[in-house]
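Asks: Have a look at this one before I ask anything.
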Amino acid sequence: MSDTFSDANYVQLEIFPSRLLKPETAQNLLREIADLEGIIRLFVHGPRLPQTVPYGPATGLPVQHPGNTVIEVAGQAIELAVSVGSIRMEVVDVDVKEQVRGVCEKILTVPFEFREGHFIPTRQTVSDYARRGPNADPLMTGMTDPKGKLKNQPVCILKPDDME
Numbered sequence: 003m004s005d006t007f008s009d010a011n012y013v014q015l016e017i018f019p020s021r022l023l024k025p026e027t028a029q030n031l032l033r034e035i036a037d038l039e040g041i042i043r044l045f046v047h048g049p050r051l052p053q054t055v056p057y058g059p060a061t062g063l064p065v066q067h068p069g070n071t072v073i074e075v076a077g078q079a080i081e082l083a084v085s086v087g088s089i090r091m092e093v094v095d096v097d098v099k100e101q102v103r104g105v106c107e108k109i110l111t112v113p114f115e116f117r118e119g120h121f122i123p124t125r126q127t128v129s130d131y132a133r134r135g136p137n138a139d140p141l142m143t144g145m146t147d148p149k150g151k152l153k154n155q156p157v158c159i160l161k162p163d164d165m166e
């Protein structure tokens with residue numbers, strides 16, 4: 003299960019705002035970050051937005067939540083299925099880390115924590131192996147909810163040509 007991607011020493015970052023981000027703010031931040039060179043992979047993390055009313059008299063009707071919208075990042079339309087609580091990413095080196103910090107300081111109007119650590123799994127777990135097989139794309143490791151259904155977890159590849 004070892005591959006060259008999991009053996010690479012990339013820097014993992016987490017941007018953790020003190021409040022949930024509005025879709026417009028998240029879109030602006032993600033656009034700026036996606037334009038930087040050296041971003042390997044990135045995902046948003048936060049509470050899931052309900053698509054339908056789960057119980058009560060309106061059971062099954064669509065929820066009209068203002069955060070349930072489509073944002074555009076790097077020329078791709080992405081349906082925002084979560085309230086953006088944090089953004090986790092993997093970057094090439096420390097120079098890119100400082101560029102990301104500068105983008106955050108420019109766009110975010112709320113206080114935020116900017117952490118370096120280990121947030122995204124780099125090796126295929128037993129669950130990944132069982133769901134995706136032995137030849138799964140190493141970029142997809144840790145990018146989806148291990149307890150969720152695969153068809154309900156959209157993943158957008160923004161820069162497929164940049165990877166070697």
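Mapping of the sequence shown onto this note's numbering: position 49 corresponds to residue 51, and the numbering continues sequentially without gaps.
Note that beta-carbon positions come from the ideal geometry of N, C-alpha and C, so glycine has one too.
If you're wondering where the values come from, they're calculated on a predicted model, not measured in any experiment.
1. Does the beta-carbon of R90 have 16 or more other beta-carbons within 10 angstroms, so that it is buried, or is it exposed?
2. What first and last residue would you give for the beta strand (DSSP E) that runs through E2?
3. Going by alpha carbons, who is nearest to V86 out of F45, E118, A36 and Q66?
4. In this structure, what does DSSP give as the bridge partners for F116?
5. Going by DSSP, what residues sit across from V1 in a beta bridge?
6. Using 10 angstroms around the beta-carbon of P140, count the other beta-carbons present and answer buried if the total reaches 16, otherwise exposed.
7. So, for L63: in the same chain, excluding its five sequence neighbours on each side, which residues have a beta-carbon less than 7 Å away from its beta-carbon?
8. Of all the options K108, N70 and R50, which has the alpha carbon lying nearest to the alpha carbon of N30?
Replies: Straight from the coordinates:
1. buried
2. The shown model of the chain, from 3 to 166, leaves out residue 2, and the question about it has no answer.
3. F45
4. I17
5. For the chain, the structure presents residues 3 to 166; residue 1 sits outside this window and is missing.
6. buried
7. T54 and V55
8. K108
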